[in-house]
Amino acid sequence: MKKVVLVILIVFLGFTVQAQHKINASINSSCVSQPANLVVPSGKTASAFAINTLVAGNNCYSGAAFTNKGFVIKAANGNIVYRYNRDGNGKVQESGAKLSSLKLGAGNYTVWVDGGIGAQLVLSYRI
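Quick note, in our numbering, the sequence shown goes up one by one and the last residue is 301.
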């Protein structure tokens, strides 16, 4: 009986545990944006977003380092659904929701990092 309950519990947890995902958006050495695609399957929700890496990079023309760091998440229609900016003093501004409470429904999204050469964003989330 204990084995049956244990098997049922393991199967149940296997279906309810959300899968961890990571995406990477960047700006390459030619100053070309390399956005990340974020796909939320039908009937699912993306949540528990966290920034793993955020680097602003350097100005594409002068080479000067940027002090502001940020990124945007756009829906398939191009509308911005979330914006994050952290200034040189560490002050964070968010629009759309706080990143920690952001939830994205089913659909296709594109994530763009702000900045210049060497800019990078690694964003984790759960589906």
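No residue lacks a Cβ here, since even glycine has one placed at the ideal position from N, Cα and C.
Residues of its chain near L278, where Cβ-Cβ distance is below 6 Å and the 5 sequence neighbours each way are ignored:
Taking C-beta separations shorter than 6 Å and ignoring five residues to either side along the sequence, the partners of L278 in its chain run V214 and A220, following chain order.
Local conformation of S236 per DSSP, three classes
Residue state, collapsed to three classes: coil.
N282 beta carbon less than 8 Å from that of A250:
Note that the C-beta distance between A250 and N282 is below 8 Å.
Measure from the alpha carbon of Q273 to the alpha carbon of each residue in Y235, A193, R300 and S203, then state which is nearest.
According to the sequence shown, residue 273 is Leu rather than Gln. Closest option to L273, judged by alpha-carbon separation, among Y235, A193, R300 and S203: R300.
For Q267, is the classification buried or exposed, using 16 other Cβ atoms within 10 angstroms of its Cβ as the cut-off for buried?
It counts as exposed.
CB of G289 within 8 Å of CB of I201, strictly:
It is a contact, given that the beta carbons lie within the stated cut-off.
DSSP-derived helix/strand/coil call for L228
For L228, the secondary structure class from DSSP, reduced to helix, strand or coil, is strand.
In this structure, how does DSSP classify S216 when only helix, strand and coil are distinguished?
S216 falls in the coil class under three-state DSSP.
Beta-bridge partners of S221, as assigned by DSSP
Its beta-bridge partners are R300.
Three-state secondary structure (DSSP) at L273?
Here L273 sits in helix by DSSP.
Among the residues of its own chain, which have a CB less than 6 Å from the CB of V185, if the five just before and after it don't count?
The pLDDT assigned to V185 is 48, lower than 50, so where the model puts this residue is not dependable; a value taken from the coordinates is nonetheless given after this. Excluding the 5 residues flanking it on each side, V185 has no same chain C-beta neighbour closer than 6 Å.
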